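For the sequence shown, the residue numbers in the numbering used here are 639 to 823. All residues carry an ideal CB built from backbone N, CA and C; glycine is no exception. Keep in mind that this is a model prediction, so the values were computed, not measured.
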Amino acid sequence: MSSKINALIEAAIIAALAMALSLVPDFASWFTPSFGAAPLILFSLRRGSKYGIFAGFIWGLLYFILGRVYYLSLSQVLLEYILAFASMGLAGLFAAPLQKALKQQQRKKALFSALIAACFAVFTRYFWHFLAGVIFWGAYAPKGMSPLFYSLLVNGSACIFTLLFVTAALIILLMTQSSFFLPKR
Ligand code: 218
639 MSSKINALIE AAIIAALAMA LSLVPDFASW FTPSFGAAPL ILFSLRRGSK
689 YGIFAGFIWG LLYFILGRVY YLSLSQVLLE YILAFASMGL AGLFAAPLQK
739 ALKQQQRKKA LFSALIAACF AVFTRYFWHF LAGVIFWGAY APKGMSPLFY
789 SLLVNGSACI FTLLFVTAAL IILLMTQSSF FLPKR
């Protein structure tokens, strides 16, 4: 099997796994971390941004297929379920420096690349949710709270919690199975 087919099959599995993790009940409303971000970002660091963006896009589509989309308007949905999810694959921009560092056994450099990738991907995704929050979700702000502050509070918290979860997953995988990031084919 060509490595391209391999990568596409992996992308489909990762999108499904991310969606399954998204079905963990949102115990703290919109503050709940996005657990699915972990497999998506790990995968993006294995296969690069092209496949990462593809997997993120499929993950977003699965929300539509499973009827899990919170719909306020068309532009809000495109922003939050297509752009936001696909943009997490940008973690893959750091796949090359991570893999180079791993091949040269430079563990600190590898960890650094992985952490920058996670920050970049999670911040980019939640920037879109923050923007959507200000534009579309202002009516849900508690009385007297500005939409801007409300969105920053909600999406900023979810962003930090997600980043902590992804960082933990990255560190564990780098320490126990770093060959995950060096696909054989
Ligand atoms: C203030 C606020 N509330 C809700 C949303 C919607 N939102 C936030 C985070 C993640 C997602 C994608 C599905 O998990 C959505 C739709 C918001 N942007 N802002």
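For residue j and residue i, believed in contact at Cβ under 8 Å, the rounded distance
| i | j | result |
| --- | --- | --- |
| L795 | F669 | Correcting the residue identity first, residue 795 is Ser in this sequence and not Leu. About 5 Å; that satisfies the 8 Å criterion. |
| N793 | G776 | Their Cβ separation, rounded to whole angstroms, is 13 Å, which puts N793 and G776 out of contact at 8 Å. |
| A748 | F732 | That belief does not hold up - the Cβ atoms of A748 and F732 are roughly 10 Å apart, past 8 Å. |
| L680 | A807 | 6 Å |
Cβ neighbour criterion (16 or more within 10 Å) applied to residue i
| i | result |
| --- | --- |
| L820 | exposed |
| I703 | exposed |
| M726 | buried |
| V745 | The amino acid occupying residue 745 in the given sequence is Arg; Val does not appear at that position. So R745 counts as exposed. |
Nearest candidate by alpha-carbon position, reference residue i, set the options
| i | options | result |
| --- | --- | --- |
| A739 | S817, L659 and I652 | S817 |
| I647 | P785, G690, Y719 and G705 | G690 |
| F768 | G782, I798 and F665 | I798 |
| I651 | L678, S641, V662 and F665 | L678 |
| F761 | L712, P780, R823 and L790 | L790 |
| T800 | L812, A656, A649 and Q815 | A656 |
| P671 | K746, I809 and L802 | L802 |
| A729 | L710, K781 and G686 | G686 |
Residue range of the unbroken alpha helix (DSSP H) whose run includes residue i
| i | result |
| --- | --- |
| G730 | Unbroken run through G730: none, as it is neither H nor E. |
| K609 | Residue coverage of the chain in this structure runs from 639 to 823, which leaves residue 609 outside it and unanswerable. |
| E648 | S641 to S660 |
| F803 | P785 to T814 |
| I773 | R745 to F774 |
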